[in-house]
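In short: position in the sequence shown from 1, add 120, done, that's my numbering. C-beta: ideal position from N, C-alpha, C; glycine also. Working notes for the structure below.
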Amino acid sequence: GKDYIPNNYNLNFNGPLPMRNTLAMSLNIPAVKTLYLAGIDETIDLAERLGITSLTRRSAYGLSLALGGGDMTLLEETAAFSVFANDGKRNPATAIARIIDHTGQEIVNLAKKDEQVVDAQVARKINSILSDNSARAPVFGSQNAFFFKNRTIAGKTGTTQNFRDAWTVGYTPRIAVGVWVGNNDNQPMQAGADGSVVAGSLWHKFMEAIISRYPEEKFIEYEKVKSSKPMITGNFETKTIYFDEKKGKRVSEKKKGKDNVVEKKAPVNKHGILFYVNKDNPLGNYAPNPDDPMAIRWEEAIDKAYEKEDKKD
Numbered sequence: 121g122k123d124y125i126p127n128n129y130n131l132n133f134n135g136p137l138p139m140r141n142t143l144a145m146s147l148n149i150p151a152v153k154t155l156y157l158a159g160i161d162e163t164i165d166l167a168e169r170l171g172i173t174s175l176t177r178r179s180a181y182g183l184s185l186a187l188g189g190g191d192m193t194l195l196e197e198t199a200a201f202s203v204f205a206n207d208g209k210r211n212p213a214t215a216i217a218r219i220i221d222h223t224g225q226e227i228v229n230l231a232k233k234d235e236q237v238v239d240a241q242v243a244r245k246i247n248s249i250l251s252d253n254s255a256r257a258p259v260f261g262s263q264n265a266f267f268f269k270n271r272t273i274a275g276k277t278g279t280t281q282n283f284r285d286a287w288t289v290g291y292t293p294r295i296a297v298g299v300w301v302g303n304n305d306n307q308p309m310q311a312g313a314d315g316s317v318v319a320g321s322l323w324h325k326f327m328e329a330i331i332s333r334y335p336e337e338k339f340i341e342y343e344k345v346k347s348s349k350p351m352i353t354g355n356f357e358t359k360t361i362y363f364d365e366k367k368g369k370r371v372s373e374k375k376k377g378k379d380n381v382v383e384k385k386a387p388v389n390k391h392g393i394l395f396y397v398n399k400d401n402p403l404g405n406y407a408p409n410p411d412d413p414m415a416i417r418w419e420e421a422i423d424k425a426y427e428k429e430d431k432k433d
């Protein structure tokens with residue numbers, strides 16, 4: 121079969137970035153790579169722990185699962201995000217929590233006990249990333265759907281191919297809200313009807329009204345991972361490069377100070393993540409797997425990219 125070659129939404133590349141930025145900016149290529157690192161079966165297992173039951177064709181899914189290659193309902197997706205809001209604990213979604221009579225006496229209580237399905241530190245790190253307005257601003261702007269003055273709100277948008285579906289899901293430590301926009305007959309919407317625009321605006325208006333009922337709350341901060349591996353900590357030798365964010369490509373130092381041109385720190389050693397870590401145990405002490413087929417492919421792509429980029433130095 122043909123190779124699966126995904127593109128970012130804007131068909132541009134953004135140069136070397138931390139995972140925090142790639143998730144916040146909703147970049148496709150890093151998402152596909154992350155699914156490979158995590159494992160497809162392992163990711164579906166996690167989805168099921170989050171309460172998602174629609175991913176039933178396990179053997180049919182490939183790396184496109186990271187970009188909407190599996191169907192699920194809005195309720196499932198919103199409930200899954202609520203697990204992060206709840207510090208990794210899952211409360212099954214239910215329309216009726218309890219029934220009381222006219223005297224206020226409780227007749228039935230349908231609320232189920234919560235279950236820890238995601239490590240609290242993992243949930244806190246996701247919350248930190250998805251609520252980081254500065255990390256998503258390069259793509260979505262600082263005044264995006266998730267920006268509220270004096271409020272900390274986490275969220276993620278999504279758009280399926282040909283603008284058939286537009287999603288926005290966001291949450292505070294107290295409430296999770298999801299919005300889907302699309303046609304019931306699955307026909308494409310107009311070009312440009314992406315999640316951050318058509319669903320995001322509706323989501324923002326609803327959230328603006330609902331959060332006024334609650335006090336301001338902050339997400340619990342996560343503990344920093346202790347590791348000597350530069351690819352994990354981000355503490356590696358770097359050099360300054362210049363990047364045109366509008367064109368999505370690196371430019372020479374002569375373009376410094378021009379519109380859309382920003383300074384970035386790029387690693388001096390030009391390798392992909394699989395050069396530094398073994399995906400089956402990224403924090404472990406043993407060496408990466410040199411026979412990993414993706415490690416070979418990613419290194420080849422990086423070599424070609426840097427061969428062109430080095431001419432700009």
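In this structure, the beta-carbon distance from T358 to E383 does not fall below 8 Å. Separation of A199 and T223 (C-alpha to C-alpha, rounded to the nearest whole angstrom) is 32 Å. In chain order, P126, N127, N128, Y129 and L187 place their CB closer than 7 Å to the CB of N148, counting only its own chain and leaving out the 5 sequence neighbours on each side.
Of all alpha-carbon atoms in T154, R169 and P212, the one lying nearest the alpha-carbon of V237 is that of R169. Counting C-beta pairs with one atom in each stretch, the segment 315 to 324 and the segment 336 to 343 have fewer than three that are closer than 8 Å, which means they do not touch. Burial is judged here by how many other beta carbons sit within 10 angstroms of a residue's own beta carbon; E226 has fewer than 16 and is exposed.
In the same chain as A151, and ignoring 5 residues on each side of it, the C-beta atoms closer than 7 Å to its own belong to A186 and L187, in chain order.
Within the same chain, Cβ atoms closer than 7 Å to the Cβ of M351 are found at I393, Y396 and V397, the five residues on either side in sequence being excluded. Per the coordinates, the alpha-carbon of N134 lies some 54 Å from the alpha-carbon of V228.
Apart from the 5 residues on each side of it in sequence, L131 sits with its Cβ closer than 8 Å to the Cβ of G368 in its chain, given in chain order. Under the Cβ criterion (8 Å, minimum of three pairs), the segment 298 to 310 does not count as touching the segment 243 to 254. For the segment 233 to 273, the continuous alpha helix (DSSP H) assignments of 4+ residues that do not extend past its boundaries occur at 240 to 250 and 253 to 260, in sequence order.
Closest option to F201, judged by alpha-carbon separation, among I273, P410, A257 and L230: I273. Sorting G275, I422, K374 and N401 by C-alpha distance to the C-alpha of M145 places G275 at the top. For A231, same chain residues with a beta-carbon under 8 Å away, outside a window of 5 residues either side, are N211, T214, A217 and R218 in chain order.
Following the DSSP letters along the chain, one finds E328 inside the alpha helix (DSSP H) bounded by residues G320 to I330. Judged by DSSP secondary structure, F363 falls outside any alpha helix (DSSP H) and instead within the beta strand (DSSP E) spanning T358 to D364. Secondary-structure assignment with DSSP links E383 through a beta bridge to Y362.
Taking H391 as reference, the option from P408, N206, F267 and V381 with the minimal CA-CA separation is P408. By the Cβ-count criterion, T353 is exposed, with fewer than 16 other Cβ atoms from all chains shown falling within 10 Å of its own Cβ. In this structure, the beta-carbon distance from G189 to A240 does not fall below 8 Å.
Judged by DSSP in its simplified three-state form, Y291 adopts strand. DSSP, read as helix, strand or coil, puts V317 in helix.
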